[in-house]
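Just so it is clear: in the sequence shown, position 58 is 104 by our numbering, and no numbers are missing. From the three backbone atoms N, C-alpha and C, an ideal C-beta is built for every residue, glycine too.
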Amino acid sequence: VSSLEEASGELNETPSLIILCEQSSVSEKTAIAEALTAPAQEALIAGAADGAEQHLVFATANEQGSIADQVRKLCKLDASTATVSMVLLDIPDEGAFYVWATPADGATTAITEDSVRQFTAAYKNKTLVRHQLG
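Written out as structure tokens, the structure reads:
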């Protein structure tokens with residue numbers, strides 16, 4: 047799991063799951079990083095098995111900055127950096143992006159390992175609503 051700044055060079059070439067959590071507490075950021083760890087390791091292993099570097103990049107935006115602001119703007123997300131958002135940028139697919147929607151039952155809005163797995167599975171199964179960057 048990389049910072050958004052570290053992963054920025056890969057965004058145009060590799061689908062990327064990004065958690066925007068600029069104003070979250072330290073404990074929330076730690077929980078988000080933990081939620082991403084196992085799915086990120088599995089994606090790395092799957093990519094290596096296929097002879098690719100990685101099928102999916104995992105990154106977090108822990109601090110306000112131009113890249114996080116640009117992702118929020120391009121994905122038409124709440125400009126408030128207090129709002130935690132999970133997006134999947136698939137720029138290689140003609141500028142596609144997908145936004146994680148909190149469960150309809152309102153059970154939780156927290157990013158968990160389970161929600162990350164559900165989001166990535168839905169992406170792989172092509173059951174997410176596709177949006178266009180811009």
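Under the DSSP definition of a beta bridge, which residues are partnered with residue i?
i, result
"F104", "L63"
"Y144", "L134"
"Q178", "A142"
Relative to the C-alpha of residue i, which residue among the options is closest?
i, options, result
"G180", "P85, G55, A105, I137", "I137"
"E59", "S73, I91, H101", "H101"
"A79", "A92, A94, I91, L63", "L63"
"S48", "E74, A86, A77, V72", "A86"
"V130", "E109, R163, F143, A95", "E109"
"V175", "A142, A156, S161, E159", "A142"
"G111", "L50, Q178, H177", "L50"
"D210", "T173, W146, L120", "Within the shown structure, residues of the chain are numbered from 47 to 180, placing residue 210 beyond reach of any answer."
"L57", "F165, A168, I157, L134", "L134"
Below 8 Å on the Cβ atoms is my guess for residue i versus residue j; work out the distance and round it to an integer in Å.
i, j, result
"E68", "A107", "6 Å"
"S54", "I91", "24 Å between Cβ atoms; not a contact."
Could you have a look at residue i and say whether DSSP puts it in helix, strand or coil?
i, result
"S73", "helix"
"S49", "strand"
"A125", "coil"
"A81", "helix"
"A156", "coil"
"T173", "coil"
"Q110", "coil"
"E68", "coil"
"L57", "coil"
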